[in-house]
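Using our numbering, the first residue of the sequence shown is number 15, and each one after it goes up by one. Data first, discussion second: the structure below is written as structure tokens.
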Amino acid sequence: MEKEEILAKSRIEQQGKDERELYILRNASNIAVYTGFVACFIISILELLFMGSLSFSNWAVYCAMMAGLFYVKYMALHLRHEGIAFFVYSVLTLLFTAIYVYRIIL
């Protein structure tokens, strides 16, 4: 393979994958996860203080987002701990959703 062919192939493979952009997206994802957790925690505390009960709807949404994140990571990296985290967050999503629906029905 000649130098031009190798460079052309590399450009095709790297199309849309700017290293700086990937770094920024990774950091943004980390900040979004922590921000979402803090928001859910604050909402839960406020619900507990002012309403006297705890709604699990916000935790169901948070766990669903985390399950989606770990699913994508597991499918891309095939790491066991990513698959386990996906499974755990999926189960928590179903549990919190079931509790939320059960409370609505009663």
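Cβ atoms here follow ideal geometry from the backbone N, Cα and C, with glycine treated the same way. None of the values given here were measured: they were computed from a predicted structure.
Next item on the list: State whether the region 66 to 73 contacts the region 95 to 104, with contact taken as three or more CB pairs (one from each stretch) at a distance under 8 Å.
Entry: no
Item checked: Range of the contiguous alpha helix (DSSP H) that encloses S96 -> One point to set straight first is that residue 96 is Glu, not Ser, in the sequence displayed. E96 -> alpha helix (DSSP H) spans 94 to 119.
Checklist line | L109 versus F100: straight-line alpha-carbon distance, rounded | finding: 14 Å
Next item on the list: Tell me whether the beta-carbon of Y103 lies closer than 8 Å to the beta-carbon of M80.
Entry: yes
Next item on the list: Go through the region 23 to 69 residue by residue and report every complete run of the beta strand (DSSP E) that reaches 3 residues or more, in order.
Entry: Fully enclosed beta strand (DSSP E) runs of 3 or longer: not present.
Item checked: Cβ-Cβ separation, L60 to L68 (assumed contact under 8 Å), whole Å -> About 10 Å separates the two Cβ atoms, so there is no contact after all.
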